[in-house]
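Engineer:
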Amino acid sequence: MNKWYESNGANSDVVLSSRIRLARNFSNYPFASKISDEDGTELVNSVVGTFQKDFPDEYRYYFMNSCTEAKKNALKERRSISSYLVKSKNGAVILSGDEGTSVLVNGEDHIRIQVIANGMNIPACFKKANEIDDYIDSRFDYAYDEQYGYKTTYPTNVGTGLRAGYTLHLPALSQTRKITQIGTELGRFGIRMRQVYGDEEDSFGNLYQVSTQKTLGQDERTIIKDFDDIVLQIISQEREQRSAIYDKDKCRAEDVAYKSYGVLKYARKLTLRDAMTLLSELMTGLAIGILSTKDGHNIDVNRLIMDIQPAVLNNSAGKALSVAETDMLRAQYLRSNLPEID
168 MNKWYESNGA
178 NSDVVLSSRI
188 RLARNFSNYP
198 FASKISDEDG
208 TELVNSVVGT
218 FQKDFPDEYR
228 YYFMNSCTEA
238 KKNALKERRS
248 ISSYLVKSKN
258 GAVILSGDEG
268 TSVLVNGEDH
278 IRIQVIANGM
288 NIPACFKKAN
298 EIDDYIDSRF
308 DYAYDEQYGY
318 KTTYPTNVGT
328 GLRAGYTLHL
338 PALSQTRKIT
348 QIGTELGRFG
358 IRMRQVYGDE
368 EDSFGNLYQV
378 STQKTLGQDE
388 RTIIKDFDDI
398 VLQIISQERE
408 QRSAIYDKDK
418 CRAEDVAYKS
428 YGVLKYARKL
438 TLRDAMTLLS
448 ELMTGLAIGI
458 LSTKDGHNID
468 VNRLIMDIQP
478 AVLNNSAGKA
488 LSVAETDMLR
498 AQYLRSNLPE
508 ID
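Add 167 to a position in the sequence shown, counting from 1, and you land on the number used in my numbering.
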């Protein structure tokens with residue numbers, strides 16, 4: 168089965184992925200901060216057992232206490248589980264074959280339903296998440312208040328319990344230093360923007376996670392529609408800036424794109440920072456039309472990004488690698504998986 172990140176979706180020149188997350192808790196168990204190991208184990212076994220009975224072939228089941236550190240961190244790098252669940256003694260994840268749907272059990276909340284898709288496709292993510300939510304609700308008792316909505320561990324999630332998010336590639340807005348202003352403006356609308364790799368002072372890859380923060384006082388579909396309208400404006404601004412940069416100095420833009428491809432295709436050792444910086448330049452070259460593959464097929468950049476993460480490489484190697492070995496394996500993977508260009 169193909170993974171969700173092995174193809175491109177709508178507006179994929181800017182939007183790498185879409186994500187919906189629903190936070191839920193059960194009425195008959197203490198919240199995560201107070202739940203005992205015994206109750207946590209019982210909760211996990213009950214939820215996983217119910218899914219295994221009804222969906223014996225659709226999902227895979229991973230218990231955190233039986234996963235290696237490399238496996239847990241690989242799941243986190245592929246965005247299937249949270250950092251919190253990695254550290255959980257009694258947590259588990261129910262993961263679909265395409266890795267697009269995951270149900271995190273006994274993490275920050277009793278249940279976190281997460282659906283990820285390529286490109287700009289949050290409505291489809293919400294539809295799938297809602298189906299799973301209805302299924303769990305039909306078999307367990309959610310903690311729900313008629314006035315405030317779903318009860319969650321963090322007050323910021325109370326209400327719908329929904330978070331919608333996009334991963335955006337914004338090299339032009341980053342280069343022209345407009346990204347800080349956009350982040351400030353988004354905050355006024357209850358939307359958070361953060362770098363995916365690095366921090367505010369030292370980020371790389373030009374990838375940004377934008378996500379909704381308000382869950383109280385609006386229904387899910389209104390939140391999603393308003394969010395999509397704002398993200399479409401960001402997409403438009405990024406495309407305009409890319410065109411302006413290219414038109415200003417075509418030779419330089421072409422030189423950067425071809426050099427990035429050359430290093431990615433032939434390097435023998437690449438750090439994650441170097442690889443992500445070069446992939447950003449490659450993505451920009453593909454989006455503008457500077458680069459094209461000989462066979463005419465798209466380059467699945469999402470897949471490349473997922474597969475070159477440190478824990479993913481260590482997990483695929485089946486052993487703990489040194490930093491140097493990881494960098495060499497990363498370069499080898501990219502050499503083998505980048506197609507020829509014209």
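Where is the CB? At the ideal position from N, CA and C, for every residue including glycine. Bear in mind that the values here come from a model prediction, so they are computed numbers and not experimental data.
N257 and D204: beta carbons closer than 9 Å?
Structural biologist: yes
Engineer: Apart from the five residues just before and just after V363, which ones in its own chain have a Cβ nearer than 6 Å to its Cβ?
Structural biologist: L374, Q376
Engineer: Ignoring anything shorter than 4 residues, give me the alpha helix (DSSP H) runs that lie fully in the stretch 328 to 407, in order along the chain.
Structural biologist: 338 to 342, 346 to 355
Engineer: Between A424 and E448, is the Cβ-Cβ spacing less than 9 Å?
Structural biologist: It is a contact, given that the beta carbons lie within the stated cut-off.
Engineer: Grouping DSSP H, G and I as helix and E and B as strand, with all else coil, what is T511?
Structural biologist: Outside the modelled stretch of the chain, which goes from 168 to 509, sits residue 511, for which no answer is possible.
Engineer: Could you tell me the alpha carbon to alpha carbon distance between E507 and G216, rounded to whole angstroms?
Structural biologist: 47 Å
Engineer: Excluding five sequence neighbours on each side, which residues of the same chain lie with their C-beta closer than 8 Å to the C-beta of I466?
Structural biologist: For I466, same chain residues with a beta-carbon under 8 Å away, outside a window of 5 residues either side, are L449, L453, T460, L505, P506 in chain order.
Engineer: Please classify T347: is it buried, with 16 or more other beta-carbons within 10 angstroms of its beta-carbon, or exposed?
Structural biologist: exposed
Engineer: Rounded to the nearest angstrom, how far is the Cβ of G372 from that of M443, given a contact under 8 Å?
Structural biologist: 4 Å
Engineer: Identify whether Q281 lies in helix, strand or coil by the three-state DSSP scheme.
Structural biologist: It is a strand residue.
Engineer: Distance check for L431 and R502, CA to CA, integer angstroms please.
Structural biologist: When the Cα atoms are used, R502 and L431 turn out to be separated by approximately 7 Å.
Engineer: Between which two residues does the alpha helix (DSSP H) containing Y251 stretch?
Structural biologist: 250 to 253
Engineer: Go to V215, then tell me how far its alpha helix (DSSP H) extends in each direction, as first and last residue.
Structural biologist: 204 to 221
Engineer: Report the option in S378, L337, E368, I303 whose CA atom is closest to the CA atom of G357.
Structural biologist: S378
Engineer: What do you get for Q314, buried or exposed, if any count of 16 or more other CB atoms within 10 angstroms of its CB means buried?
Structural biologist: exposed
Engineer: Does the stretch 170 to 188 touch the stretch 278 to 285, meaning 3 or more C-beta pairs lie closer than 8 Å?
Structural biologist: yes
Engineer: Within a Cβ cutoff of 8 Å, which residues of the same chain sit near T208, ignoring the five residues on either side of it in sequence?
Structural biologist: Counting only Cβ-Cβ distances below 8 Å, and skipping sequence neighbours, we find N257.
Engineer: How big is the Cα-Cα spacing for R470 and L439?
Structural biologist: 15 Å
Engineer: Rank A331, S341, K426 by C-alpha distance to the C-alpha of R388 and give the top, closest one.
Structural biologist: Closest option to R388, Cα to Cα, is A331.
Engineer: Can you tell me the Cβ-Cβ gap for V144 and I261, rounded? I've got them flagged as a contact below 8 Å.
Structural biologist: For the chain, the structure presents residues 168 to 509; residue 144 sits outside this window and is missing.
Engineer: Mind checking whether A478 and E244 have CB atoms under 9 Å apart?
Structural biologist: yes
Engineer: On the three-state DSSP scale, how would you describe I457?
Structural biologist: coil
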